[in-house]
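Here's the structure, in structure tokens; my notes come after.
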Amino acid sequence: MRWTIKPRPEQVEIERLANALGVEKIVAHLLLQRDISTFEEAKKFFRPQLEELHNPFLMKDMDLAVARIEMAIAENENILVYGDYDVDGTTAVALVSSYLLSYYPNVATYIPDRYDEGYGVSYKGIDFAEDNGFSLIIALDCGIKAVEKVGYAKDKGIDFIICDHHRPDSVLPAAVAVLDPKREDCNYPYDELCGCGVGFKLVHALGSRRGETIDDLLYYLDLVATAIAADIVPITGENRILAFFGLQVINQNPRAGFRAIIQQLKKSTLTITDVVFIIAPRINAAGRMEHGQHAVNLLTETDISKAMRFASEIEKYNSDRKGLDQEITQEALLQIQDNKEEDRFTSVVFQEHWHKGVIGIVASRLTETYYRPTLVFTKSGDKLAASARSVKGFDVYNALERCSDCIEQFGGHKYAAGLTLLEEQYQAFKEQFEKVVKETIDPALLTPEILVDCIIELKDITPKLLRIIRQFAPFGPGNMAPVFMAQNLVDTGYARTVGQEDAHLKVSVTQEDSHRIDGIGFNLGNKLGRVTSRNPFDAVFSIDENEWQGNISLQLKIRDIK
Numbered sequence: 001m002r003w004t005i006k007p008r009p010e011q012v013e014i015e016r017l018a019n020a021l022g023v024e025k026i027v028a029h030l031l032l033q034r035d036i037s038t039f040e041e042a043k044k045f046f047r048p049q050l051e052e053l054h055n056p057f058l059m060k061d062m063d064l065a066v067a068r069i070e071m072a073i074a075e076n077e078n079i080l081v082y083g084d085y086d087v088d089g090t091t092a093v094a095l096v097s098s099y100l101l102s103y104y105p106n107v108a109t110y111i112p113d114r115y116d117e118g119y120g121v122s123y124k125g126i127d128f129a130e131d132n133g134f135s136l137i138i139a140l141d142c143g144i145k146a147v148e149k150v151g152y153a154k155d156k157g158i159d160f161i162i163c164d165h166h167r168p169d170s171v172l173p174a175a176v177a178v179l180d181p182k183r184e185d186c187n188y189p190y191d192e193l194c195g196c197g198v199g200f201k202l203v204h205a206l207g208s209r210r211g212e213t214i215d216d217l218l219y220y221l222d223l224v225a226t227a228i229a230a231d232i233v234p235i236t237g238e239n240r241i242l243a244f245f246g247l248q249v250i251n252q253n254p255r256a257g258f259r260a261i262i263q264q265l266k267k268s269t270l271t272i273t274d275v276v277f278i279i280a281p282r283i284n285a286a287g288r289m290e291h292g293q294h295a296v297n298l299l300t301e302t303d304i305s306k307a308m309r310f311a312s313e314i315e316k317y318n319s320d321r322k323g324l325d326q327e328i329t330q331e332a333l334l335q336i337q338d339n340k341e342e343d344r345f346t347s348v349v350f351q352e353h354w355h356k357g358v359i360g361i362v363a364s365r366l367t368e369t370y371y372r373p374t375l376v377f378t379k380s381g382d383k384l385a386a387s388a389r390s391v392k393g394f395d396v397y398n399a400l401e402r403c404s405d406c407i408e409q410f411g412g413h414k415y416a417a418g419l420t421l422l423e424e425q426y427q428a429f430k431e432q433f434e435k436v437v438k439e440t441i442d443p444a445l446l447t448p449e450i451l452v453d454c455i456i457e458l459k460d461i462t463p464k465l466l467r468i469i470r471q472f473a474p475f476g477p478g479n480m481a482p483v484f485m486a487q488n489l490v491d492t493g494y495a496r497t498v499g500q501e502d503a504h505l506k507v508s509v510t511q512e513d514s515h516r517i518d519g520i521g522f523n524l525g526n527k528l529g530r531v532t533s534r535n536p537f538d539a540v541f542s543i544d545e546n547e548w549q550g551n552i553s554l555q556l557k558i559r560d561i562k
């Protein structure tokens with residue numbers, strides 16, 4: 001692991017902000033690193049306000065989208081709410097469809113089949129709209145590149161409103177409205193919304209025209225928070241406000257579908273991390289293993305007994321998904337070894353029988369073993385489909401663009417993308433992608449990095465500091481949980497390995513004359529010798545609590561030891 005200590009703010013600035021806020025210098029240090037330098041900025045950070053959300057009509061084409069929906073309702077048209085099959089897409093479809101259905105009946109939903117139709121807007125979906133009398137399609141978390149398909153729909157007399165957050169090409173689809181804060185000509189103040197976030201802005205705009213305030217729309221923010229967490233978008237600015245209040249809804253008044261998922265948990269309060277690892281995989285499992293419509297059904301159901309039945313079905317999909325992704329990951333790792341590709345700059349693997357629904361998860365698993373840009377391919381119809389994952393600091397989307405002569409189509413983000421190509425192009429693409437990455441990646445990026453906020457003394461780790469740090473939440477990209485480094489730690493004689501195959505490290509450390517503090521290092525069992533050698537060592541960690549037999553104590557969650 002690479003340890004990178006973030007630049008330290010000027011001491012005079014730390015002291016000024018600490019005095020202004022009446023907080024410890026270490027808290028001021030952490031705030032300045034997050035570009036919070038005044039009392040007013042700190043107040044907005046610690047106490048997010050819904051009033052700080054931007055006017056939805058600042059988004060390019062929002063007025064056109066609202067006018068077209070209002071016209072559809074006035075003329076009794078049928079509206080089809082269409083979205084991608086992942087968490088961002090299914091939550092967005094659940095949000096927009098349930099809002100429209102609250103006051104207009106002629107609304108239905110459509111999630112494309114991952115295997116039959118693939119990602120995004122499909123000709124089959126448009127044909128379904130034509131056959132069933134839908135004259136307006138609202139596409140969520142997809143559509144920004146569907147130029148030909150939107151044209152196909154237009155020829156059939158079907159209008160499109162696109163709500164997307166992916167990077168657009170130079171030519172936009174000929175939709176009635178294209179809502180995407182990443183449009184070059186869109187001056188919306190915040191461009192890191194997820195697809196569900198853009199859908200919420202549309203609902204916010206529609207609601208404002210109906211005399212509703214943001215407080216009337218709080219009910220929908222649990223969906224937005226879930227999409228923000230699952231799509232790994234920055235939890236800054238507007239996303240931070242939406243996630244903050246969405247988590248409150250999840251914890252205080254969750255919709256029936258969420259209640260059905262979380263009521264078996266022992267946790268009383270869910271964090272963004274819990275949403276990522278508990279709620280999101282189950283919603284995703286429907287589209288991976290069966291059909292994304294099952295997730296929409298769960299998220300829009302208001303009857304708790306029906307929601308429990310839907311959640312039980314989805315739990316089975318999730319269980320099946322876990323078994324498959326473990327099996328395929330082992331096969332992929334073996335393929336890399338058999339091909340003697342352990343020392344390449346990329347991992348590109350293919351097996352035609354691999355389940356398309358889990359190749360994205362497998363790509364993420366492979367980056368945990370070989371920390372480098374990764375693509376996992378499988379057969380999809382007469383083509384190959386792949387999920388791409390990258391490492392921190394490397395733009396896999398740009399790398400794929402440089403291989404576009406081998407690719408049929410692709411889309412995505414800096415760190416995650418999807419693509420299709422002809423099977424005969426696979427080997428050429430594999431070599432070209434390796435060449436592009438080798439020529440463009442900084443070799444340092446091939447070693448996992450731990451960003452350290454600051455160096456801390458053990459004596460400064462107190463329950464009060466932890467209480468304040470917890471107020472920095474919700475955590476995520478752009479506002480990660482603070483990571484500290486402590487130097488010259490000494491084992492107090494209680495270090496040992498725990499867990500299956502002694503995988504984890506339990507320690508109890510001190511520093512000069514400071515108090516003793518316990519720590520846990522997951523998957524650091526192999527570092528036991530470094531700790532027990534009696535030689536001082538350094539550690540990077542976050543601060544947490546440990547509860548044991550009713551007693552709560554501070555604990556270091558150790559990330560690495562040197």
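Heads up, the sequence shown is in UniProt numbering, so the first residue is 1 and it goes up one at a time. We put the CB at the ideal spot given by N, CA and C, even for glycine. Quick caveat: nothing in here was measured; it's all calculated off a predicted structure.
When secondary structure is reduced to three states using DSSP, Asp61 falls in the coil class, being assigned neither helix nor strand. For Ile5 against Met308, the beta-carbon gap comes to about 49 Å, at or over 8 Å, which does not count as contact. One thing to note: Asp518 has its Cβ within 7 Å of the Cβ of Gln555. When the beta-carbon positions are compared, Phe394 and Ala386 stay at least 7 Å from each other. Judged by DSSP secondary structure, Asp159 falls outside any alpha helix (DSSP H) and instead within the beta strand (DSSP E) spanning 159 to 163. Looking at the DSSP output, Phe377 bridges to Phe350, Ala386. As DSSP reads the structure, His504 sits in a beta bridge with Val498.
If the five residues before and after Glu352 are omitted, its C-beta is found closer than 6 Å to the C-beta atoms of Lys379, all from its own chain and listed in chain order. Thr4: member of the beta strand (DSSP E) spanning 2 to 5, first to last residue. Residue environment: His291 is assigned as buried (16 or more neighbouring CB atoms within 10 Å of its CB, all protein chains considered). Taking the CA atoms as reference points, Phe160 sits about 17 Å from His166. Between Arg344 and Thr367, the CB-CB gap reaches or exceeds 7 Å. Bridge pairing for Gly519: Val507, Leu556 [DSSP]. Short of 7 Å from the beta carbon of Leu217, and not among the five residues preceding or following it, lie these beta carbons of its own chain, in chain order: Val203, His204, Gly207. Phe537 places its beta carbon less than 7 Å from that of Leu489. Cβ neighbours of Glu301 within its own chain (closer than 7 Å, five residues either side excluded): Ala256, Gly257, Ala307, Phe310. Ranked by Cα distance from Ala146, the options Cys163, Gly120, Ser170 are led by Gly120. In chain order, Thr300 place their CB closer than 7 Å to the CB of Ser98, counting only its own chain and leaving out the 5 sequence neighbours on each side. According to the DSSP assignment, Thr532 belongs to the alpha helix (DSSP H) that extends over 528 to 532. Sequence-distant Cβ neighbours of Asn76 in its own chain, meaning closer than 7 Å and more than five residues away, are Asn106. In this chain, the alpha helix (DSSP H) harbouring Ser97 covers 87 to 101. Burial is judged here by how many other beta carbons sit within 10 angstroms of a residue's own beta carbon; Tyr494 has fewer than 16 and is exposed. For Tyr397, the enclosing alpha helix (DSSP H) covers residues 396 to 401. Below 8 Å, enough C-beta pairs join the stretch 271 to 284 and the stretch 230 to 239 to call them touching: three or more.
Gly246 is not bridged by DSSP to any residue.
In terms of CA proximity to Glu24, Pro463 leads the group Glu449, Ala503, Pro463.
The C-beta distance from Phe39 to Leu80 rounds to 49 Å, too long to fall under 8 Å, and the pair is not in contact.
Bounds of the beta strand (DSSP E) holding Asn546 are 537 to 548. Taking the C-beta atoms as reference points, Gly246 is found nearer than 7 Å to Ala225.
Within the stretch 10 to 61, the runs of alpha helix (DSSP H) at least 4 residues long that lie entirely inside it are, in chain order, 11 to 21, 25 to 33, 39 to 46. Between Lys438 and the set Ala399, Cys454, Ile469, Arg467, the nearest pair of CA atoms involves Ala399. Annotation: Lys459 to Ser542 spans about 15 Å, alpha carbon to alpha carbon.
Here Ser319 carries a helix assignment [DSSP, helix/strand/coil]. For the pair Leu446 and Arg372, the CB atoms are nearer than the 7 Å cut-off.
Taking each of Gly499, Val249, Leu528 in turn and checking the Cα distance to Ser508, the smallest one comes out for Leu528. For the options Ile126, Tyr103, Leu101, Tyr104, the alpha carbon positioned closest to that of Ile111 is the one of Ile126.
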